[in-house]
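J.: Read top to bottom, the protein sequences are chains U and Z.
First residue of the first sequence? That's 468 in my numbering, and the numbers climb one at a time after it.
First residue of the second sequence? That's 7 in my numbering, and the numbers climb one at a time after it.
Please read through the structure below; I'll follow up with questions.
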Amino acid sequence: MRILCAALAASLAITAASAAATLDTVRQRGALVCGVSQGLAGFSNPDAQGRWTGLDTDICRAVASAVLGDAKKARFVPLSSKESFTALQSGAVDMLTRNTTWTQTRDTALGLNFVATIFYDGQGFMVRRGVGVDSAEQLDGATVCVNAGTTTELNLADYFRARKMRYTPVVFEKSDEVLAAYQAGRCDAYTTDQSGLYAQRLKLQDRNAHTILPDVISKEPLGPVVRQGDDAWFDIVRWTVFALINAEELGVGQTNVDGMRTASADPRIRRLLGADGRAGANMGLDAEWALRAIRQVGNYGELFDRHLGKASPLMIDRGMNRLWNKGGLLYAPPIR
Amino acid sequence: MRRRSADGHAPAAFLWQALILIAVLAGGAALVFNTLDNLAARGISSGFGFLDDAAGFGVTMSLIPFDETASFARAFVVGLLNTLLVSVLGVALATVLGVAVGLARLSPNWLLARIAGAYVETLRNIPLLLQIFFWYFAVLRTLPAPRGSYALGEVAFLNNRGLYLAWPEAAAGWALAIGLCAAVAVAWSLRRGRRGPAAGAALVTLAALGWVFSAAAWERPQLAGFNFTGGVTLIPEFVALVVALSTYTAAFIAEIVRAGVQAVPKGQVEAADALGLNPAQKLRFVIAPQALRVIVPPLTSQYLNLTKNSSLAAAIAYPDLVSVFAGTVLNITGQAIEVIAITMAVYLSISLGIAALMGGYNRAFALRGAAS
């Protein structure tokens, strides 16, 4: 029923408000509101103290510290995947940092813009060990648990259809119920983005009895989303993400950022941290926008390690998410 | 003195009503056009053209053939039929169970009355969504995997993927239908005391059923790969939803039935006793006709509630209208306003349909009652 309320609110909000500049709205409010998942370890998940943690939530905090000066001014609204776009369209949130896959339809027909890719993901399958399945090609006739209203549901259909294999989808609204049904044996396989599978497997008591198949059946570039038609805001979010990636490339991290500001002679670092150039002013921000973001949340590599990589329980390999000069796909245009 | 028209209303009243109607319509039109303008201004596509596009997803259970190449419009029909199926079955089961519990609660048998009372108080005081989860997850966890299925001969298998039943192939299905119709004819003829047609119909029944169970081809569920295939499958989501909806609503219906029966004046019951009617006759000829007049209007509300509550299906993956259409289709197409508008229109139509049917039934009853 929440979706009914959301849609009603959306139609009213779309009717009532004309699009105001998001930057002004955020400054007036003194807080940045981000739509996040309802709980996905590594991306956006409330911890034991109820504080949202994860790669997505820290991207939101980085934007909050660039724009408002304080990462604590980020607020989080958990949204199901089918509520998320309506919430953004109607202005209920300023941006989505909600492990959302960038697709053509979403980018063009919904009045939204995808900002950048912060995690290159791909859809996979989790199955029980000992059922004799070690490749997704062997899943003919399987029952598959999946989340409602996701690209996952469509990729699943495409994959089986392309191979003329049969399958039965069991479609739940929330990830917790997908996992519960998979655990209860309702399904032979659980499919979602691979990062999500690693995160969900942590919640299983007998996690070693489950294996994630090596097959990746789709491209899932995940990233923040903003409303279409507010280019100034789009630029701010995009360049905050690029600043974090450039910071990793230039070796600027949470611990050395303040020293680098004064000590570094590298013009690229000086421009990034606001010692030289007008990067902040070009976007209507002050000179230390990127410096604060890096100081308060860290560079991209630090975020990845903390939430998804070797310093996290998920232990996801950086793989495609390495920097371009280390064999990955992350490539941020220069700040100059 | 005011002038009045032939039916006694002041002309000014008509004028006011007309003005208010125009204002409401204009307000509605402004809302619609303003929304369309703003959607266009923000680059959000609108309209119903998306309904013809290929859906591209699959569903667990469908009463009509559906695959990934079917259109969104067909996905809508799949969801609608699943909603109607659950609603109709739920209403039927809830009514039977509710009447039984309601009467049991009035029973002079102490134990029976207390059990019925406990049933009502427990089920109507626990949120429905929790009950749905209970029936789904509690039952699912206790069932075995497909390879360890509980089997009844070669015709029925129960496991955590559902109940698999052997099913007659097409020709046998028709024979079964003819047989059942003939059986109904037998019962009807016998009640009217016509032996000739009854005997004829009985012969047809026996012939049809005999052929189905002996000669006709049955499609039996076979364990192949991950699961059983063939026959007919009752998925656990469907069973859990029907059970939860009907047991929950039955608790309310039981109270309505109890209230209806207790509303019959005591003198009527005593008069029936004085006439020497046995309990069954008393219920059928004296209590039921008078109680029903009290029961039917609130019963209508319960039927409407059950139908609307069936939208909780989305939580346990039963592919109803909300799950398939207002869930998957909405997210794939992003046409939130169109999809939600259609969905609301459907629930409104179903509810008004039920209300109209029950209203008609109620009027028929009220008239007969008034004539006495």
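Virtual Cβ for every residue (Gly too), placed ideally from N, Cα, C.
State the Cα-Cα distance for the pair Tyr634 (chain U) and Leu112 (chain Z), rounded to the nearest angstrom.
T.: 51 Å
J.: Should Ile481 (chain U) be flagged as near chain Z, meaning a C-beta pair shorter than 8 Å?
T.: Bear in mind that the predicted position of Ile481 (chain U) carries a pLDDT of just 49, short of 50, making it too unreliable to give a figure here.
J.: List, in order along the chain, the chain Z residues whose C-beta lies closer than 9 Å to that of Lys549 (chain U)?
T.: Ala332, Gly333, Thr334, Leu336, Asn337 and Ala342
J.: Within a Cβ cutoff of 6 Å, which residues of the same chain sit near Gly185 (chain Z), ignoring the five residues on either side of it in sequence?
T.: Non-local beta-carbon contacts of Gly185 (chain Z) in its own chain, meaning distances under 6 Å to residues more than five positions away in sequence, involve Thr211, Ala214 and Leu215 in chain order.
J.: Closest Cβ-Cβ distance between Val692 (chain U) and chain Z: below 8 Å?
T.: no
J.: Once DSSP output is grouped into helix, strand and coil, what is the label at Pro681 (chain U)?
T.: Reduced to three states, the DSSP call for Pro681 (chain U) is coil.
J.: Would the segment 126 to 145 of chain Z and the segment 278 to 296 of chain Z be scored as touching if the rule is three or more Cβ pairs under 8 Å?
T.: no
J.: Kindly list, in the order they appear in chain Z, the residues whose Cβ is closer than 9 Å to that of Ala609 (chain U).
T.: Within chain Z, the residues whose beta carbon sits less than 9 Å from that of Ala609 (chain U) are Gly231, Phe232 and Asn233, listed in sequence order.
J.: Would you list, in chain order, the members of the segment 247 to 281 of chain Z that have their beta-carbon closer than 9 Å to a beta-carbon of chain U?
T.: Listed by position, the residues of the segment 247 to 281 of chain Z near chain U (Cβ gap below 9 Å) amount to none.
J.: Beta-carbon of Pro800 (chain U) versus every beta-carbon of chain Z: anything under 8 Å?
T.: no
J.: Among Z:Leu27, Z:Leu21, Z:Met67 and Z:Glu261, which one has its Cα closest to the Cα of Glu127 (chain Z)?
T.: Z:Glu261
J.: Take Arg226 (chain Z) and list the residues in its own chain whose beta-carbon comes closer than 7 Å to its own, dropping the five residues that flank it on each side.
T.: Glu160, Val161, Ala172, Gly236 and Gly237.
J.: With distance defined between alpha-carbon atoms, name the residue in U:Asp607, U:Arg785 and U:Ser548 nearest to Gly231 (chain Z).
T.: U:Asp607
J.: Using the three-state DSSP reduction, which class does Lys793 (chain U) fall into: helix, strand or coil?
T.: DSSP places Lys793 (chain U) within a helical segment (H, G or I) once states are collapsed to three.
J.: In the DSSP assignment, find the alpha helix (DSSP H) that holds Phe331 (chain Z) and state where it starts and stops.
T.: Element bounds for Phe331 (chain Z): n/a, residue is neither H nor E.
J.: Excluding five sequence neighbours on each side, which residues of the same chain lie with their C-beta closer than 7 Å to the C-beta of Val97 (chain Z)?
T.: Tyr309 and Leu312
J.: Using the DSSP secondary-structure output, state which residues sit across from Ile50 (chain Z) in a beta bridge.
T.: As computed with DSSP, Ile50 (chain Z) is found in a beta bridge with U:Leu577.
J.: For Gln308 (chain Z), report the span of its alpha helix (DSSP H) as first-last.
T.: Ala294 to Asn315
J.: Cβ of Arg80 (chain Z) less than 8 Å from any chain U Cβ?
T.: At a cut-off of 8 Å between C-beta atoms, Arg80 (chain Z) does not count as an interface residue with respect to chain U.
J.: Can you give me, in chain order, the residues of the segment 565 to 579 of chain U that have a beta carbon less than 9 Å from any beta carbon in chain Z?
T.: Thr572, Arg573, Thr575, Ala576, Leu577, Gly578 and Leu579
J.: Identify which residue in Z:Phe163, Z:Asp59, Z:Val245 and Z:Phe72 has its Cα closest to the Cα of Val145 (chain Z).
T.: Closest in alpha carbon position to Val145 (chain Z), among Z:Phe163, Z:Asp59, Z:Val245 and Z:Phe72, is Z:Val245.
J.: Should Val613 (chain U) and Pro545 (chain U) be called a contact, given that it needs their Cβ atoms to be closer than 8 Å?
T.: no
J.: Can you list, in chain order, the residues of its chain whose CB lies under 6 Å from that of Gly795 (chain U), leaving out five sequence neighbours each side?
T.: Met787, Asn788 and Arg789
J.: With H, G and I counted as helix, E and B as strand and the rest as coil, what does DSSP make of Trp22 (chain Z)?
T.: helix
J.: If contact means a Cβ-Cβ distance below 7 Å, which residues of the segment 125 to 149 of chain Z contact chain U?
T.: Phe143, Leu146 and Arg147
J.: Can you check which of these residues, U:Gly652, U:Leu490 and U:Trp756, is closest to Ala151 (chain Z) by C-alpha distance?
T.: U:Gly652
J.: Just tell me which of Z:Gly62, Z:Gly366 and Z:Val300 has its CA closest to the CA of Ala629 (chain U).
T.: Z:Gly62
J.: Going by DSSP in three states, Tyr170 (chain Z) sits in which element: helix, strand or coil?
T.: Taken through DSSP and simplified to helix, strand or coil, Tyr170 (chain Z) comes out as strand.
J.: Look up Asn566 (chain U) in the DSSP assignment and say whether it is helix, strand or coil.
T.: Note: Asn566 (chain U) maps to strand in three-state DSSP.
J.: Establish whether the CB of Ser68 (chain Z) and some CB of chain U are separated by less than 8 Å.
T.: no
J.: Report the residue from U:Gly747, U:Gly768, U:Gln721 and U:Ile712 whose alpha carbon sits nearest the alpha carbon of Ala799 (chain U).
T.: U:Ile712
J.: For Lys549 (chain U), count the other beta carbons within 10 Å of its own beta carbon; 16 or more makes it buried, fewer makes it exposed. Which is it?
T.: Classification of Lys549 (chain U): buried, given that the 10 Å Cβ count is 16 or more.
J.: Using beta carbons (cut-off 8 Å, strictly below), is Ala35 (chain Z) in contact with chain U?
T.: Under the Cβ distance rule, Ala35 (chain Z) does not count among the residues neighbouring chain U, no pair being separated by less than 8 Å.
J.: The segment 158 to 178 of chain Z: which residues have C-beta closer than 7 Å to a C-beta of chain U, in chain order?
T.: Within the segment 158 to 178 of chain Z, contact with chain U at the beta-carbon level (separation under 7 Å) is assigned to Asn166 and Arg167.
J.: Quick one: what's got a C-beta closer than 8 Å to Val330 (chain Z)'s C-beta in the same chain, skipping five residues either side?
T.: Val65, Ala81, Phe82, Val84, Gly85 and Asn88
J.: What residue range does the alpha helix (DSSP H) around Asn749 (chain U) cover?
T.: Ala746 to Asn749
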